[in-house]
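Taken in sequence, the protein lines are chains A and B.
Okay, so the first sequence: first residue is 3 according to the working numbering, each after it adds one.
Okay, so the second sequence: first residue is 305 according to the working numbering, each after it adds one.
Note that CB positions come from ideal geometry on N, CA and C, so glycine has one too.
Okay, structure first, notes after.
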Amino acid sequence: AQSVSQHNHHVILSEAASLELGCNYSYGGTVNLFWYVQYPGQHLQLLLKYFSGDPLVKGIKGFEAEFIKSKFSFNLRKPSVQWSDTAEYFCAVGGTGGFKTIFGAGTRLFVKA
Amino acid sequence: DSGVTQTPKHLITATGQRVTLRCSPRSGDLSVYWYQQSLDQGLQFLIQYYNGEERAKGNILERFSAQQFPDLHSELNLSSLELGDSALYFCASSVEGRGGNEQFFGPGTRLTVL
Chain A
3 AQSVSQHNHH VILSEAASLE LGCNYSYGGT VNLFWYVQYP GQHLQLLLKY
53 FSGDPLVKGI KGFEAEFIKS KFSFNLRKPS VQWSDTAEYF CAVGGTGGFK
103 TIFGAGTRLF VKA
Chain B
305 DSGVTQTPKH LITATGQRVT LRCSPRSGDL SVYWYQQSLD QGLQFLIQYY
355 NGEERAKGNI LERFSAQQFP DLHSELNLSS LELGDSALYF CASSVEGRGG
405 NEQFFGPGTR LTVL
């Protein structure tokens, strides 16, 4: 079955700490991978995406993610988080040959000032 | 601003009632998605339309229905409302509606069922 698993539902970090949010997926075929972010009271917006090429993808606000095909993973990282990174982060997977995009359950990140 | 608009922003109604949520996609986008977001269920995909036709169905209840009109706007109809239907309902749009497309989300409609 197609699925996306985000390992942590809640993460609490202090400012300047490093962040890594795990995402694993199960999806047959070639995939495109996304991380979306939802700031408090706002709608989801794209943080970064992987379509092909360099498996290390850089997004907005200093975020990056690495696609490891052999591990079916697309983990999100940031070397030093800020209070303004407090948000919910969603990993999503879409098949290039189909129409479905599957979202993970989300990880709520709280950054202490 | 994603370019996706949703109305109304807030809706308060009673159990058993019926409501209609409206979504206008970004200019040029042919596909519209509906999602339900609640604290206990997280983000749930409901249904997707592409150029007026239903393309994919998710965890949409039989009491819920949707359609996409010729001008590409979409409406989500929720009927026989229950307390558990209280949630944030997001609409998103994408160019082609393929799994590889980025989705652009609207600001959402917060539905409260009393």
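The three-state secondary structure of residue 62 (chain A), taken from DSSP, is helix.
Residue burial is scored here from C-beta neighbours: residue 58 (chain A) has fewer than 16 other C-beta atoms within 10 angstroms and is therefore classed as exposed.
Between residue 350 (chain B) and residue 373 (chain B), the C-beta gap is not smaller than 8 Å, which leaves the two residues out of contact.
In this structure, residue 69 (chain A) and residue 26 (chain A) do not form a Cβ contact; the two beta carbons are roughly 12 Å apart against a cut-off of 8 Å.
For residue 84 (chain A), there is no enclosing beta strand (DSSP E), since its DSSP letter is neither H nor E. For residue 367 (chain B), the nearest beta carbon of chain A is not closer than 8 Å to its own beta carbon. Assignment of residue 388 (chain B) by DSSP, reduced to helix, strand and coil, places it in the helix class. Sequence-distant Cβ neighbours of residue 61 (chain A) in its own chain, meaning closer than 6 Å and more than five residues away, are 49, 50. In the DSSP assignment, residue 22 (chain A) falls within the unbroken beta strand (DSSP E) covering 21-23.
Flagged as an interface residue toward chain B: residue 45 (chain A), by a C-beta distance shorter than 8 Å.
Taking residue 18 (chain A) as reference, the option from A:80, A:106, A:52, A:93 with the minimal CA-CA separation is A:80. The continuous beta strand (DSSP E) containing residue 359 (chain B) extends over residues 357-361. Against chain B, a Cβ distance below 8 Å from residue 107 (chain A) picks out 346, 347. Secondary structure at residue 7 (chain A): strand, using DSSP grouped into helix, strand and coil. As the crow flies, the alpha-carbon of residue 103 (chain A) is around 7 Å from that of residue 97 (chain A).
Assigned with DSSP and collapsed to three states, residue 313 (chain B) falls in coil, not helix or strand. Chain-order list of chain B residues neighbouring residue 103 (chain A): 403, 407, by C-beta distance under 7 Å.
Non-local beta-carbon contacts of residue 12 (chain A) in its own chain, meaning distances under 6 Å to residues more than five positions away in sequence, involve 110 in chain order. Close to residue 360 (chain B), with beta-carbon spacing below 8 Å, are these residues of chain A in chain order: 101, 102.
Taking 7 Å as the upper bound on Cβ-Cβ separation, chain B lies near residues 34 of the region 19-35 of chain A. Contact annotation for residue 312 (chain B) against chain A: no contact, minimum CB-CB distance about 15 Å [criterion: below 7 Å].
Neighbours of residue 306 (chain B) across chain A, judged by C-beta separation under 8 Å: 45, 47. Taking 8 Å as the upper bound for CB-CB distance, residue 108 (chain A) and residue 7 (chain A) are not in contact here, some 11 Å apart.
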